[in-house]
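Below is one structure, written out as structure tokens; comments come after it.
In full-length UniProt numbering, the protein residues as written are 1 to 136.
Okay, structure coming up:
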């Protein structure tokens, strides 16, 4: 969470509308727009005022955001695996890799379509079923 002075400074920099939007994420940040991916997510960086490993962040296009909505190149940049963002990286601009998905597939965890593994081995233990003697 931001300090009061930093929050007021960011309010002045980014404006009231963007400030209200960022309060939904519970942290106000002001930084430089680095790029926009093909899903419409905006990526920012601020090297002067932020704490280490909190200098890069993403503003998701969708209200119901999911981390799987980030492209692999941007994911590598935002998690500090690479130093250059995909628009300025010559390796990323060469071509789309074969293994990279062409369209976004959402994560289906906690939905009815989620993957549920099942066991093919027999249980070691069986539940106890009480057997009552017949009355006389």
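Built from N, CA and C at the ideal position, the CB exists for glycine as well.
- Residue state for residue 73 is assigned as helix, using DSSP reduced to three classes.
- Cβ atoms of residue 71 and residue 56 stay farther apart than 8 Å, at about 14 Å.
- In this structure, the straight-line span from the alpha carbon of residue 117 to that of residue 75 is close to 28 Å.
- Rounded to whole angstroms, the separation of the alpha carbons of residue 120 and residue 61 is 42 Å.
- The beta carbons of residue 86 and residue 40 sit no closer together than 8 Å.
- Rounded to the nearest angstrom, the gap between the Cα atoms of residue 125 and residue 134 is 27 Å.
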